[in-house]
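This report concerns only the one structure given below.
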Amino acid sequence: MSTNQNHQNISNVHITFIGGGNMGRALISGLLANGFTPQQISVVEANTATAIKLYEDFGVRNIGSLDQVAFDFSKNNVVVMAIKPQDFNVVAKGLAAKLKHASLPGPLILSIAAGIRLSDMSRWLDHSRCVRAMPNTPALIGQGITGLFADATVNASDRNLAQTICNAVGQSVWVPEETLMDAVTAVSGSGPAYVFAFLEAMQSAGEKLGLDAASARKLAYATLEGASQLAHNSDEHAGVLRERVTSKGGTTAAALEVMKQEGWNEILEKAIAAASQRGKAMGDELGKN
Ligand SMILES: NC(=O)C1=CN([C@@H]2O[C@H](COP(=O)(O)OP(=O)(O)OC[C@H]3O[C@@H](n4cnc5c(N)ncnc54)[C@H](OP(=O)(O)O)[C@@H]3O)[C@@H](O)[C@H]2O)C=CC1
Ligand SMILES: O=C(O)[C@@H]1CCC=N1
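For the sequence shown, numbering that gives the first Met the number 0 gives the first residue as 0, with consecutive numbering after it.
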C-alpha cells in the first residue's frame, strides 16, 4: 500500500457531485476549506431540502437532475458518485447517456459507494475512467482518510487527480487489490461510528458513576483527543502507550481485565469483519443488476 502525497494543479478541475447527503456534504465542505472554490463544484441532489441547504451553506451550484448535467470540456471534469450503493445502478445508467456525448476521454468517475465494484460501475456507465474511493466523515474538517483503488487501465494522471481530491480533505492510502476496499470500508469508512459509540459509552459510564453530563462529556472527549494525538505523535506501538497507563495492581489494570474477560478485542474484530463482509455481500448482490 502506498500513502504518497501528490499535487496536481486543481484550478482547472470541476467536480460534479451526484448525491449531496452526509458524505457528499462532508467532502464538499472539506474541499471548500482546502483550496477549492464554490464555482468548481456542482451538485445533483434528489432531496430538494438537502440541495437548498448545500447552496445556502456553501454556494455550490445545484443541478436540478441528472438530465441537466452538462460538462465543460475546457475543464478537467470529475464526477463523484456519492449516492447510496442501492441507487448506484440506476444513477450510473442515467449518467451513461451523458457520457456517450462527452468528448473523449470523458470525466473521471470517482465512486465513494461502499461495495460497488469497478467492473460493475464501468459496465453500467460504459466508461472505464473510474476510480474507487472510500473516504470518511472527518473529511468535513479536513481530517479524513480515504482508501483508493484503481485498476491497471487507469493512468497515472487520473490516479493523481483522484488522490489530489482526496488529499484536499485529509490523507489517502492506495490499496493494491480491490477486495481490500471492503477492509478499508470496515476500518476507516465506518470507523468514525465506532469511535462515536466509544465516546457515547465513556460519557454514559462517567454519568453512571455520578459525574454531571457536561463534565463526563468533557473528560471523555478530551481523553480521546489527547490519547489519539499522543499515539499519532509517538513512534511507539499503541500497546506500549497502553502499558504506560497501566500501573501494576491499579485502576487501569482493573478496567483492562474486564475488557479482556468480556472479549473487547474479539468483539471489535468481529464487528469490523462483519462490516467488511457486508461490503462484499453488497457488492455481490448489487453487481447482479
Ligand atoms: N456516510 C458515510 O460516513 C460514508 C458513506 N460512504 C458512501 O457514500 C455514499 C453516500 O452515503 P451517505 O452520504 O451516507 O448517504 P445519504 O443518503 O446521506 O446521501 C445520498 C444522497 O443522494 C441523494 N440521491 C438519491 N438518489 C439520487 C439521484 N438519483 N440523484 C441525485 N441524488 C440522489 C439522496 O437523496 P434521498 O435521501 O432523497 O434519497 C441523498 O441525499 C454511499 O454509497 C456510502 O456507501 C462512504 C464513506 C463514508
Ligand atoms: O455504513 C455505510 O454503509 C457507509 C459506508 C462507510 C460508512 N458509511
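A virtual CB, placed ideally from N, CA and C, is assigned to each residue, including glycine.
One thing to note: His-126 has its Cβ no nearer than 8 Å to the Cβ of Ala-96. Apart from sequence neighbours up to five positions away, the residues of its chain that approach Ile-115 with a beta-carbon distance below 7 Å are Pro-84, Phe-87, Gly-282 and Leu-285, ordered along the chain. Its chain contains Val-43 as the residues whose beta carbon lies nearer than 7 Å to that of Ser-64, once the 5 sequence neighbours on both sides are disregarded; these appear in chain order.
According to DSSP, Ile-140 shares a beta bridge with no other residue. Residue state for Ser-73 is assigned as coil, using DSSP reduced to three classes. Under the three-state reduction of DSSP output, His-13 falls in the strand class.
Ranked by Cα distance from Gly-169, the options Leu-210, Gly-143 and Lys-99 are led by Gly-143.
Distance check between Leu-139 and each of Ile-27, Ser-10 and Val-186 places Ile-27 closest, using alpha-carbon atoms only. Put simply, the backbone Cα of Asp-150 is about 18 Å away from that of Pro-134. According to DSSP, residue pairing for Arg-122 in a beta bridge does not occur. If you look at Ile-40, you'll find it isn't in any alpha helix (DSSP H); it sits in the beta strand (DSSP E) that goes 40-43. DSSP places Ala-252 inside the alpha helix (DSSP H), whose first and last residues are 250-260.
Ala-274 counts as buried, since no fewer than 16 other beta carbons sit within 10 angstroms of its beta carbon.
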